[in-house]
Structure formats: C-alpha cells, structure tokens
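Student:
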C-alpha cells in the first residue's frame, strides 16, 4: 500500500493528479471499518490529517477536515446538535464533516442540516475548483459526484443562516447509535421553514410540500403543526431493514417534524 | 458431598473473605498490559482463517482448495477430509462437524481452514477457496421444527392434581429474541506443535478439560498428547463453552509443524459462537381469590438451532423453573428444544431461566391485575422458602432460599425523584434530543427470578485444586478459568482466610498437571473451586500446625499461645506442605418421567425494580433506576459481587430494550457492534443493590454463586415498567421503539 502524507493542499492535489484513484483518508472512522473487515483494500492512500488548510473554519466556510468534536462546540446550533450524536467522543475527535459527505450514507448525521440550509460542497482538483449544491453532490446512497483526482475542500454555508435551527435523531440506544430517523428544521422569523430528514430515503429528503405549507403559517395553530407532521411523514420514502421498519420510520419522521417545528416557534 | 472443615483462624488476615482486596489483574487490564489470548505470539507463527458457509442450509457439491494453495505464503488448506480423528464434536452429543462435510446446516458453519504467513494472506486464501453449494430450503421456524419432530429434547413435567382449578385465570403468549453474549474479547488462541506428534493449545475458554476431551478425540491423538493451557480471557458469558477454533488451530499446527494463531474479527465471532435460545412461551396461570397460585400450565419452545450443544440442559432449566420461585399445587409444563437451520443456541448467563422469567413475571402481573391485588403482595403470598418443595420437580429446597426477604428488601428501597429534569442525557432518546421532559411518562416494574447453581440432573460435578505452602507463602493451582469475574482474587481470599497467611499466588495449570475444575459457568466456580481451595488450604494449615504442635499460623510462622515456636522456613525445612482436593456439591438425581427428583444442588434468587421514563409517541425508553436485591449466601468479596450485579443487570437491560440478533431465514443481519446494540454508559441507570446474606449449605463460608442471578429478572422488570408507563402489552423482548409506539 502506498501512503502519501502531504502537508498542504497543493501537495494533496499533486498526489491526486499523480494517482487519481487514490483513497482519501481523513478521520478514518468509516474507511478503517471497511479495511478492517476486508471490504476494501486500498492500493494507495492519501492521508489528509497534516493539511492545515482543510481544518480551517472561517465564517460560513467549514473545512472538510474540521472534526465533529469542534463542530459540537461550534457556533452553528443545528450542526452542533447533529455533531453531538455522531458516534462516541473518540469518533467525534477523529471523524470529519468532509468524511460525512465523502461517505454520503443515508444515515450521515451531518447531512440533514446541510440539506436544510442548502449548503454547497467545495471541490478541488489540479484542474481547479467547483462548487456543487448538496443535492448535486449527493447522488444516491453512498454515492456522490466526486470525480477521480478530486477532493472535498469544505462546506459553504449560506452567509445568513436561518434564525432558528433544531436537529433531532431517533435511535434504539441513548447515545452512539446509527439513526433510525433524523431531522433538521430551520425557520426564519418570517415563517420561512425548511426541513430535511435522514435515514428515511436514499439521500437526505427535503419535505418541500410540508415546507411550503408551514412557511405560509406565521403563527401555526395546533392543527397546522399536526398537518405539517402528516405532510412530512407522507414525503419521506423509508425502507424496512434490520434497524427499523418502514412504518416506524415514517411515523418518527412526522413526530420529529412536529416537535422540531414547535421548538422553532 | 464434601464437607468443609471448620476454619479456626484466630487472627484476621488482611485481604481475607468479606473484604474487597485489589484484583491482581485489575491494573494491568486497565493499563492495557494484560496479555489476552489475542496477544499471544510465537516465533515462526502462522495465521489461521476460516471459510464459512454463507447459506443456512446447503449441500456442498465440491470444494476446490487449489486457488487458495496457489497463493504465495499459504501453508495449508484443510477440509473435513483432513480431520484426523472423530469428525464431529459437541459437549454432550457430538453432532457438530468439526468442518462441514457434505452439508452445511447454519449460516457461518466452518467449511475449510487455512494457515498462511500473515493474517491478510490467510483471509485472502480463505476467500479463494471455491466451495460449490446446492442451496436448500432452511428450516427456520421452531414450531414447524416441532411438528416435524426435529427436537433435541422434549420434556413434560406434571405435578399435583390436574383438575385443580382457580377462580381467576390469565393466559399469555410471550417471546424473547436471540441474544448474544457479546464478550469483548473475540475468539482467539495459539496452537504449538510439540515436535513429537502432540500439541499444546493456549486458548481463551471456560473449561480446559472439556475442550481437551473433544480436541484430542478429533485429532485422533492419545489424551496425553494434547495439553490445553488457559490464555488471558476477555469475557465469556457462555459463549466459550462450546468449541469454535480449538480443533482447527491444532489441525493446522500439526499439519504445518508450525505454531498457528487465530483471532476472529467481530463479525466472525458473532457467526462462530452459540447464542441465547430464542423462546416462544404459552402460559396459563390460575389462582384462588385470595391470590394463592394453584395451577400453572405452560409450553415453552426454545430454538436450539442447528446443533445440540447444551440445548438439553437449557430447556431443562426453562421447564423446571417455568413457574418461578413460587408455590403452586398443580403444574403441567411442556418444554421443547427444537433443531432448525438457525445459528446454534447454547449457553448464556442465566441459561434458560431468563426466558421463562420474562414470561412468568408478566403472568404474575396480569394475575395481580385480574385479582385486584398488589403485584408485590401476590409474589410475597406465593413465595417459596428453604424447606419448601419446588412445584415442578418436587425437590425440597436445601440451603437458604430467602425469596420473601429479597422481595421485601427491594420493595423497601426509596424511589427516585419523579422529575427527569431537562438534561437530554437523562431523557429517552438521550443525546439525539428526540424527546423532552413534558413528553415523558414514568413506569415502575418489579420482577423476581431464580435458578439453580452448579450442574444438575445427576451430572458428576466436581472441582480439583491444589494448595501448597512454601516459606514464601501459599500457592493455589487450578485449571478453573478466570474469565474476568474475579476468581483469582476470591481464591486468594479463601486461601488466606483458611490458612492465616496473606501471600497467595494463583497459578493456572494445564490439563496434564491437574484434574478438572469444571466449567466457569452455572455460577459455580466460587462454590466449587472455592470449595476445593478451602478444603485443601484447611488441610495444609492443619498439617503445618501438627508438625510443631501449634495452635495458630501466620506469616511469622507457627504459634502456640501467641508465641512463635517455628518460622515458616523451619517448619517447612523438610519441604513444602501440599494438599490436593476434589470437591463435590451434594449429588443430584436423574429426573423421573414426569420430571421429579432432587435435580439441583442449590438455588439463588434475585429481584429487580425498574424505574423507566418512556416517550410513548416515539417509543423511546430510558431506564432511570434499577434497584435490586440478591441472595448471595455470603459476599466473599463485596466489590466483586456488586460488579456481577451491575454487569448482569445491565446485560438484562440490553435484552429488554436493544439487544437482539436479527435473523432472517437463518441469516444474521446485524453481526457487528454497529448494529448489535449494547447499552452504553448513558443507558446505564443508577443502581442500588441489597445483598441478602443467609449462608448456603455448601460452598465456602456459606457463599453462593452470584454471576447469573442478576441477569434473570432484569429484563422482565424493565419491560414491566414500560408496560406500566404505556399500558401496552409488550409480550416480546427486546422491545423495539415500534412496539412501544404501537406502529
């Protein structure tokens, strides 16, 4: 196995240019599981931990190498709440937001927030940079638009984040658990509301009909909140697997939607 | 039965019984310095790997090992044809192929084994072995298995007047899922050929002598050619009672002439060892209007999976203990252990008593409700006591059995504050922030459980130990497995107290140097090996005192009237004093046709009171508090006892709210710690334990085994509390969020 350990972004891009199929290693919290179980045997690895530029967090730009431990204690409420649910303290010390995007799991804990605020993903290669909106970047379960030779540099959040942000996640254990369903809801004082849900579809799901309905309600009544939850439950497309059932996930999506909305009012 | 010589130690020895001295293995384990079986290394060692069946039921048409052998660094690829001796193994019935020959009967069954220069090559070679399977329909439904006569053991226990009826009757059907022991150390070991055709196996196991019996037979060697040594063991809980890699390692070592090591990864560990039997249980309880339980009818089916392992004994417990620790004039209990293509089920902490406790305690709550009676009063009204007869076997309970005392002590403990507060870590769903204080409903559940201690049904159960006094101090030699429970410490304490000398070394010796200590299971080692050590140590003391006419012994030497008359060096000038003892508990009998007899050596009872907070809409649960009372005979090491109580209780909480192997068509879907969920510290409640000390009739200083009782009623109590909070029937454990939410 060839391992390259660049110390700056230019070095990473050179390494990827030289070997576009190289596996990128940041926190390793996903990759090492695959290696340990023998599901993946990388021929060459580019290790990113020494690249300080990737760990920068300036305003609305969060570097791909920023760890969940930093995000958990950072200023972005909805993302911090999500960060607290990622694995154990040890995993949060190692795992990064770039890794969440690189893996693009339907259960990625950071993804509903990024979807709810319509974040963009900044990519770089030797040929230059490009920016994709989250739903252009995440193309399917564990699939993304990253090209060979390309690297996730970071996440660009909107300059003005919504006033209220709330995240919640349901799992069968009270910590360190893969989500059965998760949701992030953001709302402006004017009522504009967006909600994205995780683990209830192949990629994070935005419940757009529900958003439209509740955004029109400046002071939603109990009936409107109920209706909002019902619409969200109707817009997700969960499956039954060993972690939960389709019907429970749909139910939980609706309940989380209502509760998060109430917390944002 | 062995009687224990009375102990006449006049002085208190530091670190004796009743205290909690520091474990010699404690600090090394915490610092990562303790050598576990996975840490073994030997010069020129090869690594082994196993080819496992991906199908729960298949015919093997062909196995082509050539592609694996062609890989550089591969030293051996062996199949069923290469098993030198007996082709099958098993603790009681040798029905499990060492390597599958023409058929595989469960998902993950070993088909071939490989030795290579390193682990990665071994795994690659295992993947390169080409096995052609003709896939067959798996039999995965235990009720269908029973209809087809696929049973390991079928029992029918009948007692009392079958026409006795009660005015109040309740019926219920209950299920428990397949639970895994999930010990932290996966299966691992090292086999070293001795150059003369024999082999030394260093292994993490629960019973080296039982392993020895099976290993030498399958290797086709004489017993003396195989020596089994204990390695450092990272937990067991029953998972190491049946063989997994033992014979495979020895085959590879003998074939290659090189030491061979294997370490399973977590996924393979789940596939390789037995699990707790999943259960289906039908119950009918009848009582007189005053609450007197008069008749229990039950049928319990435990699915034993593909091979026998210990199913005969697990279903025996499920059947004999099906009523709980209660009087009942008339019983009719059917117990069936079925054979299917599910993963083999065998030993796990609580061993058949856990499943039925979940059912009979739910029934007791239903009965209390039907009678309009307080559920704790109902239990007290029917509680068995020492000297009573068990309603199933009719055995008079010898020794202590303080059921009422356990119930009363637990019920008397204060309840926690009602308000969960706002800290999300203390709310259902925890750090996921799904719940909030105003959505929580509280429930309280109570359950009582019991089981036998040591082996039963006429098994010749003994433990051998040797105690030697040298001028340096005492040495205890045993083949009993320290699996992490603290056996080393308690044996030191027993020897110290018996002899009056503080310095005690415990040495684990291999199968060629001492007789069997029996298994580290059935809550038996403190009583059994502890009993052997107490008797041997007492004899050593007696002999040393006799040599100089002394009346007391200490590190200073032999004393008479408080004055040293000879130092240890002087009194032992002619050599050390050594005594070897084979300890037996009271004999047990063979059951009659209807399950009658003195089948068990002794019993222990425990109870739990669970306080839970539930978010009914999302079905999320947090166990807030879990108090317990346990009948321990005598707490030889209170800190160790509390460790067992906390661990066993938490294991029961896992089975109540999250732990389950999800098996579909015989295939395990969650063989990882990502998806087989164990409680974390945020899922662990506060716990207070009351230890009831009424000396038992055998075992050192009246001590009882304490390992299994805390697991038995824990699950039942938690689920009862969730029923109380939600009003839902919740007849299956573990409960899942969708069960609690009702969606």
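Protein chains in written order, with the numbering used here: chain L, 1 to 265; chain F, 1001 to 1743. The C-beta atom is built at its ideal place from N, Cα and C for all residues, glycine as well. Note that the structure is a prediction, hence the values are computed from the model and not measured.
1) Counting contacts by CB-CB distance shorter than 7 Å, is residue 1618 of chain F in contact with chain L?
2) DSSP beta-bridge partners for residue 125 of chain L?
3) Does DSSP classify residue 1001 of chain F as helix, strand or coil?
4) Under 7 Å between C-beta atoms, does residue 1677 of chain F make it to chain L?
5) Whole angstroms are fine: how far does the CA of residue 259 of chain L sit from the CA of residue 226 of chain L?
6) Which ranges does the alpha helix (DSSP H) cover as unbroken runs of at least 4 residues, wholly within the segment 28 to 85 of chain L, from first to last along the chain?
7) So, at 8 Å on beta carbons, what are the nonlocal neighbours of residue 1040 of chain F in its own chain, with the 5 sequence-adjacent residues on each side left out?
8) Put residue 1697 of chain F into one of helix, strand or coil per three-state DSSP.
9) When the Cα of residue 1523 of chain F is compared with those of F:1486, F:1688, F:1503 and F:1499, which residue comes out closest?
10) Counting only C-beta atoms, is residue 120 of chain L closer than 7 Å to chain F at any point?
11) Which runs of the alpha helix (DSSP H) at least 4 residues long sit entirely within the segment 1336 to 1424 of chain F? Give them in chain order.
12) Can you look up residue 1282 of chain F in the DSSP assignment and give me helix, strand or coil?
13) With distances taken from CA atoms, which of F:1571, F:1541 and F:1562 is nearest residue 1548 of chain F?
14) Would DSSP call residue 1452 of chain F helix, strand or coil?
15) Just to make sure I have the definition right: I need the residues of chain F whose C-beta is within less than 7 Å of the C-beta of residue 81 of chain L. Which are they?
16) For chain L, check one thing: does any of its Cβ atoms lie closer than 7 Å to the Cβ of residue 1743 of chain F?
17) In chain order, which continuous runs of the beta strand (DSSP E) of length 3 or greater are located wholly inside the segment 1497 to 1534 of chain F?
18) To which residues of the same chain is residue 191 of chain L closer than 6 Å at the C-beta, ignoring the five residues directly before and after it?
19) Compute the Euclidean distance between the alpha carbons of residue 1675 of chain F and residue 1266 of chain F, then round it to the nearest angstrom.
20) Measuring only between beta-carbons, confirm whether residue 1661 of chain F sits less than 7 Å from chain L.
21) Helix, strand or coil, according to DSSP, for residue 1317 of chain F in the structure here?
22) Please report whether the beta-carbon of residue 1342 of chain F lies at a distance below 7 Å from any beta-carbon of chain L.
23) Thinking C-alpha only, which one of L:151, L:137 and L:152 is nearest residue 145 of chain L?
24) Mind checking the segment 230 to 247 of chain L against chain F and listing, in chain order, the residues whose C-beta falls within less than 9 Å of any C-beta there?
25) Looking at the unbroken beta strand (DSSP E) that takes in residue 1261 of chain F, where does it start and where does it end?
26) When you compare only the Cα positions, how much space is there between residue 1294 of chain F and residue 183 of chain L?
27) What are the residues in the segment 150 to 178 of chain L lying within 9 Å of chain F by C-beta distance?
28) Does residue 1427 of chain F come out as helix, strand or coil in the three-state DSSP assignment?
29) For the candidate residues F:1150, F:1057 and F:1088, whose alpha-carbon lies nearest to that of residue 1135 of chain F?
30) Report yes if the C-beta distance between residue 65 of chain L and residue 80 of chain L is below 7 Å; otherwise report no.
31) Among all the DSSP beta bridges, which residues are the ones paired with residue 1096 of chain F?
32) Can the beta-carbon of residue 1483 of chain F be found closer than 7 Å to that of residue 1526 of chain F?
33) Over what stretch of residues does the beta strand (DSSP E) that includes residue 1302 of chain F continue unbroken?
34) Do we get a CB-CB distance below 7 Å when we pair residue 1738 of chain F with the residues of chain L?
35) Please state the DSSP three-state secondary structure of residue 1008 of chain F.
36) Where does residue 239 of chain L fall in DSSP's three states?
Tutor: So, from the listed chains and residues:
1) yes
2) L:128
3) Low per-residue confidence applies at residue 1001 of chain F: pLDDT is 33, beneath 50, and the placement is therefore not dependable, though the value from the model is reported in the following sentence. Coil, per DSSP.
4) yes
5) 10 Å
6) 31 to 36, 68 to 72 and 77 to 84
7) 1188, 1189, 1190, 1202, 1231 and 1261
8) coil
9) F:1486
10) no
11) 1353 to 1371, 1375 to 1382 and 1403 to 1411
12) strand
13) F:1571
14) strand
15) 1433
16) yes
17) 1504 to 1508
18) 215 and 218
19) 12 Å
20) no
21) helix
22) no
23) L:137
24) 241, 242, 243, 244, 245 and 247
25) 1260 to 1263
26) 53 Å
27) 166, 167, 168, 169, 170, 171, 172, 173, 174, 175, 176, 177 and 178
28) coil
29) F:1057
30) no
31) F:1089
32) no
33) 1293 to 1303
34) yes
35) Caution is warranted here: a pLDDT of 43 is assigned to residue 1008 of chain F, below 50, making its placement in the model unreliable, and no coordinate value can be reported.
36) coil
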